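Trainee: Numbering (the working numbering), first residue to last: 39 to 275.
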Amino acid sequence: MQIRAISLDLDDTIWPIEPVMLRAEQRMDAWLKTHCPRAAAHYPIAAMRALRNRVADENPHLAHDFTAQRRLSLSAALTPHGYGDEHVEAAFAEFYAARNQVECYVDALPALERLAARFPLVSLSNGNADLDRIGLSRFFRFSICARDFGAAKPAPQIFHAACERLGLPPAAVLHVGDDPELDVAGARAAGLRSAWVNRTQAAWSHAHVPDLTVRDLHDLANVLRTPPLASQSNTAL
Ligand SMILES: [Mg+2]
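What follows is the structure, given as structure tokens:
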């Protein structure tokens, strides 16, 4: 079946996430030092990170909701030192503003332009990025994130929700992402086609190979440039 729409992962597919998170942690830490110094003294960046990991471990029902995890962590850090909900919200706002200051991979924007001209694009992310704030929402018909949906990739339901909203069967949708488990295996299990964005030239080490492997989104746009003719198509795509 021909590809008729594309769903895209965001973090580490369109922008690298690690530098974003490091800056967000630093910005929140600076805010805490100014506005909540007693808590900041107890929770420097490494301790705050450990607290957040502990909160995530203790709240598996929030595994799909990084925003709730972050707010709970802040509450656990601030409340014992006499700071209230307004400080939790303000600290989160600092973090979240920086979390949405991403720097896209150089191939991403030109490739999104090319892909969006040919396919409906949707985003499918386990993260809590806000494409309106980031300025990329114009490329996407809609966005589904795990926090709003209530389940995270690789759950098939989140892939199926995207297909249903597109009005397409899963086999007509290509999911594109960097994560072999969450993106490639998840898409495959849900009946979608899969493209692995392998920017680091890593070896594939999972059971089922992706339908496509590309080194970046420019490569993906090139591969999908010409629709395969039914008579001469010798690939699944
Ligand atoms: Mg990713």
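Here a beta-carbon is modelled for each residue, glycine too, at the ideal position from N, C-alpha and C. Please read all numbers here as calculations on a predicted model, not as lab measurements.
Is Y238 near ligand 1 - that is, is its Cβ less than 7 Å away from at least one heavy atom of it?
Mentor: Counted from its first residue, the sequence shown places residue 238 at position 200. Note on residue identity: the sequence assigns Thr, not Tyr, to residue 238. Not so, every heavy atom of ligand 1 lies at least 7 Å from the Cβ.
Trainee: Decide yes or no for the touch test of the stretch 164-183 against the stretch 46-64: beta carbon pairs closer than 8 Å, at least 3 of them.
Mentor: Yes, the stretch 164-183 touches the stretch 46-64.
Trainee: Taking 7 Å as the cut-off, does the CB of G224 come closer than this to any heavy atom belonging to ligand 1?
Mentor: Taking the sequence shown and counting its residues from 1, the one referred to as residue 224 is at position 186. Incorrect: G224 has no Cβ contact closer than 7 Å to ligand 1.
Trainee: What does a CB cutoff of less than 6 Å around S111 pick up in its chain, not counting 5 residues either side in sequence?
Mentor: What you label residue 111 is simply residue 73 of the sequence shown in a count that begins at 1. So the qualifying residues of the chain are L89, R90 and V93.
Trainee: Report buried or exposed for S243, applying the criterion of at least 16 other Cβ atoms within 10 angstroms of its Cβ.
Mentor: Your numbering for residue 243 matches position 205 in the sequence shown. Flag for S243 reads exposed.
Trainee: What I want to know is whether the C-beta of G122 ends up closer than 7 Å to one or more non-hydrogen atoms of ligand 2.
Mentor: Absent from the structure shown: ligand 2. Ligands present: ligand 1.
Trainee: Do A200 and V252 have their CB atoms nearer than 8 Å?
Mentor: Taking the sequence shown and counting its residues from 1, one reaches residue 200 at position 162. Taking the sequence shown and counting its residues from 1, one reaches residue 252 at position 214. Contact flag unset, no.
Trainee: Using the rule of at least 16 other Cβ atoms within 10 Å of the residue's Cβ for burial, across every protein chain shown, is P148 buried or exposed?
Mentor: For the purposes of this step, residue 148 is identified with residue 110 of the sequence shown, where counting begins at 1. Exposed, because fewer than 16 other Cβ atoms sit within 10 Å of the Cβ of P148.
Trainee: Would you list the residues sitting across from G215 in a DSSP beta bridge?
Mentor: In the sequence shown, counting from the first residue as 1, residue 215 sits at position 177. DSSP, once it has assigned bridges, lists W234 as partnering G215.
Trainee: Grab the span of the alpha helix (DSSP H) containing I172 for me, first residue to last.
Mentor: As a working mapping, residue 172 is identified with position 134 in the sequence shown. Residues L169 to I172.
Trainee: Keeping to the same chain, check which residues put their C-beta closer than 7 Å to that of A62; ignore five residues upstream and five downstream.
Mentor: Position 24 of the sequence shown, counting from 1, holds the residue named residue 62. These residues qualify, in order along the chain: F133, A136 and R137.
Trainee: If you measure from each residue's Cβ to the nearest non-hydrogen atom of ligand 1, which ones come out under 6 Å, in chain order?
Mentor: Here the list is D47, D49, D50, T51, G215, D216 and D217.
Trainee: Please report the distance separating the alpha-carbon of V140 from that of H213.
Mentor: In the sequence shown, the residue the question calls residue 140 occupies position 102. In the sequence shown, the residue the question calls residue 213 occupies position 175. Approximately 22 Å, taken between the alpha carbons.
Trainee: Quick one, are the C-beta atoms of A225 and F197 less than 8 Å apart?
Mentor: Residue mapping note: residue 225 aligns to position 187 of the sequence shown, counting from 1. Residue mapping note: residue 197 aligns to position 159 of the sequence shown, counting from 1. Contact flag set, yes.
Trainee: With 16 other CB atoms within 10 Å as the buried threshold, where does P57 fall?
Mentor: Taking the sequence shown and counting its residues from 1, one reaches residue 57 at position 19. Result: exposed.
Trainee: Take L100 and list the residues in its own chain whose beta-carbon comes closer than 6 Å to its own, dropping the five residues that flank it on each side.
Mentor: Here the question's residue 100 lines up with position 62 in the sequence shown. Excluding positions up to five away in sequence, the list reads A106 and Q107.
Trainee: How big is the Cα-Cα spacing for S271 and L258?
Mentor: Here residue 271 is taken as the residue at index 233 of the sequence shown, counted from 1. Here residue 258 is taken as the residue at index 220 of the sequence shown, counted from 1. Because the pLDDT of S271 is 43, which lies under 50, any placement of that residue in the model is unreliable, and the number read from its coordinates should be weighed accordingly. Whole-angstrom Cα-Cα distance: 17 Å.
Trainee: Looking only at its chain, what residues have a beta carbon closer than 6 Å to the beta carbon of S113, apart from the 5 residues adjacent to it on each side?
Mentor: Against the sequence shown, residue 113 aligns to sequence position 75. Correct list, in chain order: V126.
Trainee: Kindly indicate which three-state DSSP category F180 falls into: helix, strand or coil?
Mentor: Here the question's residue 180 lines up with position 142 in the sequence shown. Here F180 sits in strand by DSSP.
Trainee: Report the CB separation of A233 from L250 in whole angstroms; it is logged as a contact under 8 Å.
Mentor: Numbered from 1 along the sequence shown, position 195 holds the residue referred to as residue 233. Numbered from 1 along the sequence shown, position 212 holds the residue referred to as residue 250. With a Cβ gap of about 4 Å, A233 and L250 count as contacting.
Trainee: Using a Cβ-Cβ cutoff of less than 7 Å, which residues in the same chain neighbour P192 once the five nearest sequence positions on both sides are dropped?
Mentor: Numbered from its first residue, the sequence shown carries residue 192 at position 154. For P192, where only same-chain residues beyond five positions count, the Cβ hits under 7 Å are E219, L220, A223, G224 and A227.
Trainee: Which residue's Cα is closest to the Cα of T117: H80, P98, Y143 and F187?
Mentor: Walking along the sequence shown from the start, residue 117 turns up at place 79. Ranking H80, P98, Y143 and F187 by Cα distance to T117 puts H80 first.
Trainee: Using 8 Å for Cβ pairs, my map puts V235 next to A43. What's the rounded Cβ distance?
Mentor: Along the sequence shown, one-based indexing puts residue 235 at 197. Along the sequence shown, one-based indexing puts residue 43 at 5. That belief does not hold up - the Cβ atoms of V235 and A43 are roughly 17 Å apart, past 8 Å.
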